[in-house]
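Participant: Pasting a structure here, questions to come.
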Amino acid sequence: MIPQEKEITYRATNSYSTLNTFNERTKTIWLVCHGMGYLSRYFLRYFDELNAEENYIIAPQAPSKFYIQPKMHVGANWLTKVDTEAGTENIMNYFDAVLEAEQIPENINFIVLGYSQGVSVALRYLAKRQLRCNQLVIHSGGIPKELTPKNFEYLPKETAVKLIYGTEDEYLDEARIQHETARAKALFHSRVSIIPFKGKHVVNVDLINALVS
Numbered sequence: 001m002i003p004q005e006k007e008i009t010y011r012a013t014n015s016y017s018t019l020n021t022f023n024e025r026t027k028t029i030w031l032v033c034h035g036m037g038y039l040s041r042y043f044l045r046y047f048d049e050l051n052a053e054e055n056y057i058i059a060p061q062a063p064s065k066f067y068i069q070p071k072m073h074v075g076a077n078w079l080t081k082v083d084t085e086a087g088t089e090n091i092m093n094y095f096d097a098v099l100e101a102e103q104i105p106e107n108i109n110f111i112v113l114g115y116s117q118g119v120s121v122a123l124r125y126l127a128k129r130q131l132r133c134n135q136l137v138i139h140s141g142g143i144p145k146e147l148t149p150k151n152f153e154y155l156p157k158e159t160a161v162k163l164i165y166g167t168e169d170e171y172l173d174e175a176r177i178q179h180e181t182a183r184a185k186a187l188f189h190s191r192v193s194i195i196p197f198k199g200k201h202v203v204n205v206d207l208i209n210a211l212v213s
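Be aware that the sequence shown starts at 1, since it is given in the numbering used here, and climbs by one per residue.
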């Protein structure tokens, strides 16, 4: 007998994490997507040097959790190559719910940042929902193959795009760097800034802090 794979739809519950408090003194709201192996509450540590009164950070939580050897810490990942389309749609609906709960005002400085695997979900969400932001930060992650310049034509000309990567990133070779740089320029044209730094596959806190300096 050949196994049959069936599909169902059901309600699910997932958490997300925030840092600081949104109030009348808030100048910038961040939507930050962590990389594989992180939990959202720990990913927020990279943003705790930002001015707490002026910055409010929202960190969605990847849905698939797993144990990381050898210490059996818990991490999470967004998507795999199995059931990617259905997984993407689930994540898009989850992001919808997060933003509906947070009610981000239109007149706020809004930054969307994806790190490592979080780049793919951040870019897909912008493309599918045409989410506007003041800055888009692509940090040490790959741009999904299916995205085209047309997906981002809706973004205002004032939206700044930053492509950040470490020159010693263990997941990047020169060919991959050239490919991702070319993809970013093709998608975002002259609005994209390429920002390499001396370092490995790590979150660059100094560059994050500089985004609102």
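Glycine included, every Cβ here is placed at the ideal spot set by N, Cα and C.
On the CB-based measure, 16 or more other CB atoms within 10 Å of its CB, does His139 come out buried or exposed?
Facilitator: For the purposes of this step, residue 139 is taken as residue 139 along the sequence shown, with counting starting at 1. Buried, since its Cβ has 16 or more Cβ neighbours within 10 Å.
Participant: Put Phe95 into one of helix, strand or coil per three-state DSSP.
Facilitator: Numbered from 1 along the sequence shown, position 95 holds the residue referred to as residue 95. DSSP places Phe95 in helix when its eight states are reduced to three.
Participant: Kindly indicate which three-state DSSP category Thr148 falls into: helix, strand or coil?
Facilitator: Walking along the sequence shown from the start, residue 148 turns up at place 148. Of the three classes helix, strand and coil, the one that applies to Thr148 here is coil, per DSSP.
Participant: Could you tell me whether the stretch 145-156 touches the stretch 168-182, using the rule of 3 or more Cβ pairs below 8 Å?
Facilitator: Contact fails: fewer than three Cβ-Cβ distances are below 8 Å.
Participant: What distance in whole Å lies between the Cβ atoms of Tyr16 and Gln61, which are believed to be in contact at a cut-off of 8 Å?
Facilitator: Here residue 61 refers to the residue found at position 61 of the sequence shown. Here residue 16 refers to the residue found at position 16 of the sequence shown. Contact flag correct, Cβ pair sits at about 5 Å.
Participant: Using alpha carbons as the reference points, say which of Lys162, Arg183, Tyr115, Ile8 lies closest to Cys33.
Facilitator: What you label residue 33 is simply residue 33 of the sequence shown in a count that begins at 1. For Cys33, the nearest C-alpha among the options comes from Tyr115.
Participant: Can you give the Cα-Cα distance for Lys81 and Gly141, rounded to whole angstroms?
Facilitator: Stepping through the sequence shown from its first residue, residue 81 is reached at position 81. Stepping through the sequence shown from its first residue, residue 141 is reached at position 141. Taking the straight line joining both Cα atoms gives about 16 Å.
Participant: Let me know the secondary structure DSSP gives Asn204 once reduced to three states.
Facilitator: Residue mapping note: residue 204 aligns to position 204 of the sequence shown, counting from 1. It is coil, neither helix nor strand.
Participant: Got a sec? Which residues, its chain only, sit under 7 Å from Cys215 by beta carbon, not counting five neighbours each side?
Facilitator: Because the chain here runs from 1 to 213, residue 215 falls outside it and cannot be looked at.
Participant: Give me the Cα-Cα distance between Glu5 and Glu89, rounded to the nearest whole angstrom.
Facilitator: Mapped onto the sequence shown, residue 5 falls at position 5. Mapped onto the sequence shown, residue 89 falls at position 89. Whole-angstrom Cα-Cα distance: 19 Å.
Participant: On the three-pair Cβ rule with 8 Å, is the stretch 85-99 touching the stretch 46-54?
Facilitator: At 8 Å Cβ cutoff, the stretches do not touch.
Participant: Can you grab the Cα-Cα spacing for the pair Tyr38 / Asn77, in whole Å?
Facilitator: Numbered from its first residue, the sequence shown carries residue 38 at position 38. Numbered from its first residue, the sequence shown carries residue 77 at position 77. Each residue's Cα considered, the two are about 8 Å apart.
Participant: What's the call for Lys162, buried or exposed, on a 16-neighbour Cβ count within 10 Å?
Facilitator: Here residue 162 refers to the residue found at position 162 of the sequence shown. Flag for Lys162 reads buried.
Participant: Mind listing, in chain order, the continuous alpha helix (DSSP H) runs of no fewer than 4 residues lying wholly within the stretch 8-72?
Facilitator: Segments of the alpha helix (DSSP H) lying fully in the stretch 8-72: 40-43.
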